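A.B. asks:
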Ligand SMILES: Cc1cc2nc3c(=O)[nH]c(=O)nc-3n(C[C@H](O)[C@H](O)[C@H](O)COP(=O)(O)O)c2cc1C
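Numbering (this note's numbering), first residue to last: 57 to 225.
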């Protein structure tokens, strides 16, 4: 089963989060998960995926303009019927990551994807919409590393659900 994690990232925080999600996905037997920046998505790989998790930084509490443009052109990838998830990074605890995730999930629904977060069904950590990492740029008590396990767990849960729906191979 192939899964993709697609991200926008300028200073590396969201790339790191994407790699943690892919790591978690690859814990599930039979999974080949790969992370791609929006500028280098492998179309051949995408043609075979069962699901995709998409994420980007919060820019003024919204998705980045580049992610918006990428989503506008992603209809050609044939994502309908595939499992979809979303994630974000931000530099303030209340910096808009939830809004970013909500808008990415809305785009996924527009494609006809089946959106999944795990919600509270898997116990702690409860992840209602998708995981958010707060970096340590401004909030010194924060830092991406604080969220590494949450991103990995989210990836693992996502892959388990994709395997349940579409088969592990
Ligand atoms: C133009 C711009 C706008 C931003 N707006 C917000 C914001 O509204 N809220 C927030 O918490 N962080 C904001 N940030 C910070 C980024 O979301 C944060 O540093 C993120 O982790 C960067 O991701 P990256 O390292 O993957 O590029 C902004 C950064 C830039 C460059």
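From the three backbone atoms N, C-alpha and C, an ideal C-beta is built for every residue, glycine too. Computed from a predicted model, the values in this text were never measured in an experiment.
I'd like to confirm something about residue 159: is its beta-carbon nearer than 7 Å to some heavy atom of ligand 1, or not?
C.D. replies: Answer for residue 159: no, Cβ out of range of ligand 1.
A.B. asks: Between the beta-carbon of residue 172 and the beta-carbon of residue 214, is there less than 8 Å?
C.D. replies: Against a cut-off of 8 Å, the Cβ pair of residue 214 and residue 172 comes out as a contact.
A.B. asks: Counting beta carbon pairs with one atom in the segment 91–101 and one in the segment 61–70, are three or more of them shorter than 8 Å?
C.D. replies: Because the criterion of three Cβ pairs below 8 Å is met, the segment 61–70 and the segment 91–101 touch.
A.B. asks: Per the DSSP calculation, residue 226 is bridged to which residue(s)?
C.D. replies: Only positions 57 to 225 of the chain appear in the structure, and residue 226 is not among them; the question remains open.
A.B. asks: Counting along the chain, where does the alpha helix (DSSP H) carrying residue 201 start and finish?
C.D. replies: Where residue 201 is concerned, there is no enclosing alpha helix (DSSP H), given that its DSSP letter is neither H nor E.
A.B. asks: Name, in chain order, the residues that DSSP records as bridge partners for residue 190.
C.D. replies: Per DSSP, 146.
A.B. asks: Could you pull the start and end residues of the alpha helix (DSSP H) that residue 181 belongs to?
C.D. replies: Unbroken run through residue 181: none, as it is neither H nor E.
A.B. asks: Which two residues bound the contiguous alpha helix (DSSP H) that contains residue 109?
C.D. replies: Here residue 109 belongs to no alpha helix (DSSP H); instead the beta strand (DSSP E) covers 105–113.
A.B. asks: Which residues mark the beginning and the end of the alpha helix (DSSP H) in which residue 71 is found?
C.D. replies: Taken as a continuous stretch (DSSP letters only), the alpha helix (DSSP H) holding residue 71 covers 69–81.
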